[in-house]
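Below: one structure, written as structure tokens.
Residue numbers (this note's numbering): 167 to 527.
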């Protein structure tokens, strides 16, 4: 019987200013299965440049005892690799080099560290996968290191790689990964979350720690406003949960409207931080635009140029008569299986096709 789950240990050398403790806390908050801790003292990596196996042998007296409680030791540094890699590993320790980072991207190194963590996890899921050219996939080898900026912003896994990894995780869902001490299925689930968090922060050009602090209590951003007839609340709750499972942050009044506060005032303060609206038609047929207040909010989304997506739930009845300002928008219809309604809804909200996201369609 296993006594406890081994964690991933985040560390840095004396040259790096990456806040490992804050990153470990943030990763623990977003990941459902993987666990992280931080090393309290800087790690001595010896002289530059980093070389494998020489540097890894040098640091082994420190890292070997740590591997009793940790499945992987990940060390951030400003030192360069002798081969100009971003990172390398001896299958127990991974050293990530931020040498020349500011010449490659204006994104924070915190975003980079979490992004490289996701790439190491992806490599553990499928060690055979690699793109030698920059495609935006997490399996890009990044021979051309300039691709790191676009890679962090995209949070993507190409269709071919995602299909292969997903199929393997389905076949071997209970197999545990050695470096991350979680099953294939669990690791893929957390990888999708990590990749999307890096993408969301990087596309906004903010530090991922600032994004996590926002989610911890400061007013947060939402991906999509769920606008619906209150009689359809139970059906919309399923839609809300499905969007969460696909890595999105939907605004659902049941979750975010504080009791005792006028809902119009609360919604007025929130809508500028929501980037899309889903206009939901459920089994009771009537559209939410038939409420004057909600129609006004929907018109605000339209005027801001945000996506407004009419959505038929699977138990919806006939097609209602749309108000004029909504007639130009394309429906997503859950009463049909082709084209995949989940994929189309995620695409409509994010602007990224489902085969380009590290999120299940």
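Using N, Cα and C, we set each Cβ at its ideal position, and we do this for glycine too.
Three-state secondary structure (DSSP) at residue i?
i: residue 384; result: With a pLDDT of only 45 at residue 384, under the threshold of 50, the placement of this residue in the model should not be trusted; the figure read from the coordinates follows. Here residue 384 sits in coil by DSSP.
i: residue 507; result: helix
i: residue 540; result: The question about residue 540 has no answer here: the residues shown for the chain are numbered 167 through 527.
i: residue 260; result: strand
i: residue 265; result: coil
i: residue 391; result: strand
i: residue 233; result: coil
i: residue 415; result: coil
i: residue 372; result: coil
i: residue 445; result: strand
i: residue 179; result: coil
i: residue 214; result: coil
i: residue 185; result: coil
Could you tell me which residues DSSP puts in a beta bridge with residue i?
i: residue 305; result: Answer is none; residue 305 lacks a bridge partner.
i: residue 499; result: 478
Should residue i and residue j be called a contact, given that it needs their Cβ atoms to be closer than 9 Å?
i: residue 304; j: residue 333; result: no
i: residue 417; j: residue 390; result: yes
i: residue 514; j: residue 473; result: yes
i: residue 349; j: residue 236; result: no
i: residue 414; j: residue 512; result: yes
i: residue 392; j: residue 375; result: no
i: residue 184; j: residue 191; result: no
i: residue 363; j: residue 378; result: yes
i: residue 286; j: residue 253; result: yes
i: residue 273; j: residue 259; result: no
i: residue 248; j: residue 225; result: no
i: residue 234; j: residue 291; result: no
i: residue 307; j: residue 296; result: yes
i: residue 478; j: residue 510; result: no
Using a Cβ-Cβ distance under 9 Å, would residue i count as near chain D?
i: residue 376; result: No chain D is part of this structure, which consists of one protein chain only.
From residue i to residue j, what distance separates their C-alpha atoms?
i: residue 244; j: residue 263; result: 6 Å
i: residue 279; j: residue 432; result: 36 Å
i: residue 402; j: residue 468; result: 22 Å
i: residue 409; j: residue 396; result: 19 Å
i: residue 197; j: residue 483; result: 38 Å
i: residue 519; j: residue 207; result: 43 Å
i: residue 267; j: residue 372; result: 16 Å
i: residue 504; j: residue 516; result: 20 Å
i: residue 318; j: residue 221; result: 27 Å
i: residue 384; j: residue 437; result: Low confidence applies here, because residue 384 scores a pLDDT of 45, under 50, leaving its location unreliable; read the following figure in that light. About 15 Å.
i: residue 302; j: residue 314; result: 9 Å
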